[in-house]
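For the record, in the sequence shown the residue sitting at position 217 is 236 according to the working numbering, with numbers rising by one throughout. Single-structure report; data block below.
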Amino acid sequence: MLRRSFLLVTLTTLFAASLAGCGSGNGALFSVEQSRLRVVHASPNAPAVDVRVDDINFLTNVPYRTASGYLTILAGNRNLKVNAAGTETTVINATANFAPNTRTTVLAVDRLARIEPLILSDETAAPTSGNIKLRLVHASPAAGPVDIYITAPTADLATATPTLPNVPFKANSGYLQVPAGSYRVRITPTGTKTVAIDTGTVTLTAGQVRTGVAIGDPGVGRPLEAILLADN
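Below, the structure written as structure tokens:
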């Protein structure tokens with residue numbers, strides 16, 4: 020799977036580079052601009068999937084809760100298909116515009132019967148000195164609206180105020196810039212102190228840009244949890 024995916028990415032990159040370099044002494048005849056795409060399988064009861072860009076397999080047999088690295092694609096309007104692995108059964112078929120020199124994360128979210136893409140624009144610019152950037156995404160179809168607490172590791176939740184109150188399914192916080200250090204993220208149903216997800220202590224160092232994604236659905240046997248993605 021990975022060998023084939025890397026080969027496809029490499030060929031796409033080489034093709035784009037060769038076109039960009041074609042020209043005469045008066046400059047290139049034309050150029051091809053590139054974008055970067057990351058895919059996250061967050062649909063709790065969907066099978067492993069293949070991901071196609073313009074009907075070319077970029078990723079194959081991707082299991083639930085897996086995030087790809089950033090793949091190089093051509094900028095512009097691109098068709099994305101998510102198929103049940105090894106089949107022609109398409110569960111997501113969407114067209115999105117990818118601007119040149121940008122990074123985009125596409126999450127497959129919700130239960131299989133309602134599966135859809137959630138498209139996020141990613142940042143790679145470093146935070147200001149001594150800080151980190153952290154974005155949080157609610158991708159659990161089972162959780163309903165939630166309160167998100169970002170605290171020191173030993174903070175008492177009983178007296179804490181939500182950092183992000185009443186966050187609905189498929190919403191994201193945008194990038195929060197905070198000092199580097201150790202944090203704990205706890206997620207509760209809105210208006211309660213009942214912890215549904217507890218990351219424990221997470222240590223982030225200056226300069227990091229990260230996305231945390233809440234996933235899972237106990238109703239289909241997938242526990243509520245959070246995964247952390249590196250955006251830079």
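We put the beta carbon where it would ideally sit given N, CA and C, even for glycine. All values reported here derive from a predicted model rather than from experimental measurement.
The way I'd put it, the region 221-233 does touch the region 147-156; three or more beta-carbon pairs between them come closer than 8 Å. Counting other Cβ atoms within 10 Å of its Cβ, D129 reaches 16 or more and is therefore classed as buried. The residue from N64, T85 and I92 with its alpha-carbon nearest to that of N76 is I92. Going by DSSP, F77 is part of the beta strand (DSSP E) stretching over I75 to V81. The shortest C-alpha to C-alpha distance from T124 to any of T209, T143, T108 and E107 is the one to T143.
Per DSSP, reduced to three states, the secondary structure at T143 is coil, with no helix or strand assignment. Per DSSP, G235 is one residue of the beta strand (DSSP E) stretching across V228 to D236. Under the three-state reduction of DSSP output, V214 falls in the coil class, being neither helix nor strand.
Look at A177 here: in three-state DSSP terms it is helix. Excluding five sequence positions before and after T224, the CB atoms of its chain that fall closer than 8 Å to its own CB belong to I151 and A199, given in chain order.
The Cβ atoms of I111 and S159 do not sit closer than 7 Å to each other.
It is roughly 24 Å from the alpha-carbon of T182 to the alpha-carbon of N251.
Unbroken beta strand (DSSP E) runs of no fewer than 3 residues, entirely contained in the region 107-142, are found at 109-117, 122-128 and 135-141, following chain order.
Going by DSSP, N102 is part of the beta strand (DSSP E) stretching over G95 to A103.
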